[in-house]
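One structure below.
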Amino acid sequence: MSETTHQTFETDGVPIKAWTRGVPFESEAEQQVRRLATLPFLHKWVAVMPDVHAGKGATVGSVIATNGAIIPAAVGVDIGCGMIAVETTLTASQLPDDLKGIRSAIEAAVPHGRTNNGGPGDRGAWGDAPERVQKAWAELAPRYEAIVKENPSIGRGTSFGHLGTLGTGNHFIEVCLDERDRVWFMLHSGSRGVGNRIGSHFIDLAKKDMKRWFINLPDADLAYIPDGSETFGQYWRALAWAQDFARTNRALMMEATIMAVRTSGLLPSFELTNEAVNCHHNYVSKEHHFGKDVWVTRKGAVRAGEGELGIIPGSMGAKSFIVRGLGNRDSFCSCSHGAGRKMSRSAAKRAFSIEDHARMTAGIECRKDEDVIDETPGAYKSIDDVMHAQRDLVEVVRTLRQVVCVKG
Numbered sequence: 043m044s045e046t047t048h049q050t051f052e053t054d055g056v057p058i059k060a061w062t063r064g065v066p067f068e069s070e071a072e073q074q075v076r077r078l079a080t081l082p083f084l085h086k087w088v089a090v091m092p093d094v095h096a097g098k099g100a101t102v103g104s105v106i107a108t109n110g111a112i113i114p115a116a117v118g119v120d121i122g123c124g125m126i127a128v129e130t131t132l133t134a135s136q137l138p139d140d141l142k143g144i145r146s147a148i149e150a151a152v153p154h155g156r157t158n159n160g161g162p163g164d165r166g167a168w169g170d171a172p173e174r175v176q177k178a179w180a181e182l183a184p185r186y187e188a189i190v191k192e193n194p195s196i197g198r199g200t201s202f203g204h205l206g207t208l209g210t211g212n213h214f215i216e217v218c219l220d221e222r223d224r225v226w227f228m229l230h231s232g233s234r235g236v237g238n239r240i241g242s243h244f245i246d247l248a249k250k251d252m253k254r255w256f257i258n259l260p261d262a263d264l265a266y267i268p269d270g271s272e273t274f275g276q277y278w279r280a281l282a283w284a285q286d287f288a289r290t291n292r293a294l295m296m297e298a299t300i301m302a303v304r305t306s307g308l309l310p311s312f313e314l315t316n317e318a319v320n321c322h323h324n325y326v327s328k329e330h331h332f333g334k335d336v337w338v339t340r341k342g343a344v345r346a347g348e349g350e351l352g353i354i355p356g357s358m359g360a361k362s363f364i365v366r367g368l369g370n371r372d373s374f375c376s377c378s379h380g381a382g383r384k385m386s387r388s389a390a391k392r393a394f395s396i397e398d399h400a401r402m403t404a405g406i407e408c409r410k411d412e413d414v415i416d417e418t419p420g421a422y423k424s425i426d427d428v429m430h431a432q433r434d435l436v437e438v439v440r441t442l443r444q445v446v447c448v449k450g
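Start counting the sequence shown at 43; every next residue gets the next number (the numbering used here).
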């Protein structure tokens with residue numbers, strides 16, 4: 043595709059290439075990226091996606107290629123967070139008029155939310171995990187035990203009990219219809235409590251090392267771990283494991299969702315098609331870009347290599363997209379991971395009422411209470427504007443609209 047949709051910002055370090063034409067690029071986020079751009083080990087430039095907004099440590103919607111180091115806070119604490127979607131042979135006409143039963147069946151099958159401060163009896167964790175979860179954990183457990191042996195604090199919390207569970211915040215499970223009225227199941231989640239502990243632990247270690255080595259950074263959250271160090275090896279092993287945990291977590295939840303809907307008695311028999319996607323959007327991978335093998339950190343971004351399928355969800359009341367990457371080298375073969383927030387959670391709660399939320403989610407079977415107002419559609423950027431801004435990064439394969447949304 044010959045059209046170039048990004049704009050370039052010069053900085054005191056490497057340039058910023060931002061796919062932000064026609065979408066908000068708040069000053070706080072821009073300044074955050076500019077601080078990041080001054081680090082000496084960045085490769086070529088920082089790529090900024092159209093769903094960009096300020097985050098902790100690094101800007102959400104940024105793609106950071108590094109040579110010789112990884113910034114743990116740029117990866118964040120929901121390591122491996124991402125999306126999974128599957129197409130079915132069901133059509134809209136086969137769904138019941140009242141979708142509450144479908145939502146209830148999914149909610150009963152997948153632990154979600156958080157109670158008791160995450161302690162005993164937390165509704166968001168398994169009390170007695172099913173056999174398929176136990177089997178999946180048995181495959182993950184040996185590497186986890188080795189990670190905990192190196193860094194014992196990572197083991198102080200729920201791990202196995204969170205495998206196959208949704209969590210809170212912007213995580214969701216949805217039933218969607220595409221432009222042909224074909225039914226899809228889609229969900230969003232990551233590495234849960236154990237990913238948080240891994241991320242937090244190594245962010246803290248990196249900050250301590252910066253102080254010990256007298257390295258002054260423009261932002262303490264840009265503390266990094268040099269490749270080749272003992273800590274780097276430990277971090278990469280833990281990071282790769284958490285990414286595998288997150289991918290397995292999504293697959294288990296999708297399996298439970300499909301099983302719950304199939305056995306609900308509310309739908310006719312159906313099959314899954316070959317159209318399925320499971321992609322990370324908070325993660326690190328080793329990739330080759332512009333002549334070098336580098337670490338690529340996608341903080342709220344999806345890999346969009348040529349022909350690769352990805353998922354870009356909107357908010358609770360907006361469209362979502364199955365996309366195919368165009369392999370744009372300037373973006374390090376990446377695209378946005380969603381619509382992107384245009385206001386903070388606290389600002390959204392001040393700005394919108396339950397009535398506003400109900401109006402913006404009309405026609406969708408979902409929660410309509412004050413605890414989800416921070417996730418209301420008005421808190422997010424226009425997904426149409428976001429998609430237009432990155433038209434040289436991806437092409438749309440399917441356009442989805444939600445009819446059921448389960449939130450933690």
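Ideal Cβ placement from N, Cα and C applies to all residues, glycine included.
Tell me the DSSP secondary structure of residue i in three-state form.
{"i": "V428", "result": "helix"}
{"i": "N238", "result": "helix"}
{"i": "W278", "result": "helix"}
{"i": "V75", "result": "helix"}
{"i": "Y358", "result": "The question names Tyr, but residue 358 is Met in the sequence shown. Three-state DSSP puts M358 in coil, outside helix and strand."}
{"i": "H48", "result": "coil"}
{"i": "L442", "result": "strand"}
{"i": "D335", "result": "strand"}
{"i": "K59", "result": "strand"}
{"i": "T80", "result": "coil"}
{"i": "E70", "result": "helix"}
{"i": "G103", "result": "strand"}
{"i": "V65", "result": "coil"}
{"i": "M43", "result": "Its pLDDT being 44, under 50, M43 is placed unreliably by the model, and the measurement read from it follows with that caveat. Note: M43 maps to coil in three-state DSSP."}
{"i": "G367", "result": "strand"}
{"i": "H330", "result": "strand"}
{"i": "L247", "result": "helix"}
{"i": "H323", "result": "coil"}
{"i": "A318", "result": "strand"}
From residue i to residue j, what distance separates their C-alpha atoms?
{"i": "G103", "j": "G97", "result": "9 Å"}
{"i": "T441", "j": "E313", "result": "20 Å"}
{"i": "E216", "j": "G382", "result": "18 Å"}
{"i": "M91", "j": "H323", "result": "12 Å"}
{"i": "F202", "j": "G347", "result": "33 Å"}
{"i": "K334", "j": "G110", "result": "11 Å"}
{"i": "A127", "j": "I257", "result": "43 Å"}
{"i": "K59", "j": "G356", "result": "23 Å"}
{"i": "K341", "j": "A116", "result": "6 Å"}
{"i": "V428", "j": "E72", "result": "17 Å"}
{"i": "A171", "j": "M252", "result": "41 Å"}
{"i": "N212", "j": "V448", "result": "10 Å"}
{"i": "H204", "j": "P184", "result": "17 Å"}
{"i": "T290", "j": "I144", "result": "24 Å"}
{"i": "F244", "j": "D139", "result": "49 Å"}
{"i": "D416", "j": "E397", "result": "13 Å"}
{"i": "G169", "j": "G122", "result": "24 Å"}
{"i": "T453", "j": "N193", "result": "Residue numbering for the chain in the displayed model covers 43 to 450; residue 453 lies beyond these limits and cannot be assessed."}
{"i": "A302", "j": "I189", "result": "34 Å"}
{"i": "A431", "j": "S378", "result": "10 Å"}
{"i": "R292", "j": "I196", "result": "21 Å"}
{"i": "S271", "j": "A107", "result": "19 Å"}
{"i": "G155", "j": "P162", "result": "14 Å"}
Below 6 Å CB to CB, which residues in the same chain sit around residue i once its five sequence neighbours on both sides are set aside?
{"i": "Q444", "result": "E216, C218 and I406"}
{"i": "G124", "result": "C321, H322 and H323"}
{"i": "W255", "result": "none"}
{"i": "A284", "result": "I121, G122, S233, G237 and I240"}
{"i": "F374", "result": "A89, V105, A107, H331 and V338"}
Check for me: the beta strand (DSSP E) holding residue i runs from which residue to which?
{"i": "P92", "result": "L84 to H95"}
{"i": "L182", "result": "Looking at the DSSP string, L182 is not in any beta strand (DSSP E); the run it does join, the alpha helix (DSSP H), is E173 to E192."}
{"i": "G110", "result": "Per DSSP, G110 belongs to no beta strand (DSSP E) and is neither H nor E."}
{"i": "I215", "result": "F214 to L219"}
{"i": "H399", "result": "Careful: H399 lies outside any beta strand (DSSP E), inside the alpha helix (DSSP H) at I396 to M402."}
{"i": "A343", "result": "A343 to R345"}
{"i": "S231", "result": "R224 to S231"}
Give every residue of the same chain whose Cβ lies closer than 7 Å to the Cβ of residue i, excluding the five residues on either side of it in the sequence, and list them in chain order.
{"i": "V56", "result": "A79, L84, K86, W87 and V88"}
{"i": "K423", "result": "V65, P66, D93, A381, G382 and K384"}
{"i": "K361", "result": "I425, T441, L442 and R443"}
{"i": "P260", "result": "R77 and T80"}
Span of the alpha helix (DSSP H) holding residue i?
{"i": "S378", "result": "First-last for S378: S376 to S378, but that is the beta strand (DSSP E), not the alpha helix (DSSP H)."}
{"i": "A393", "result": "R387 to A393"}
Could you pull out every unbroken beta strand (DSSP E) segment of at least 3 residues lying fully inside the stretch 109–158, listed in chain order? The qualifying runs are 124–133.
Write down every uninterrupted run of the alpha helix (DSSP H) in the stretch 267–314 whose length is 4 residues or greater and which is fully enclosed by it, in chain order. Counting only unbroken stretches of 4 or more residues, the alpha helix (DSSP H) elements lying wholly within the stretch 267–314 are 272–304, in sequence order.
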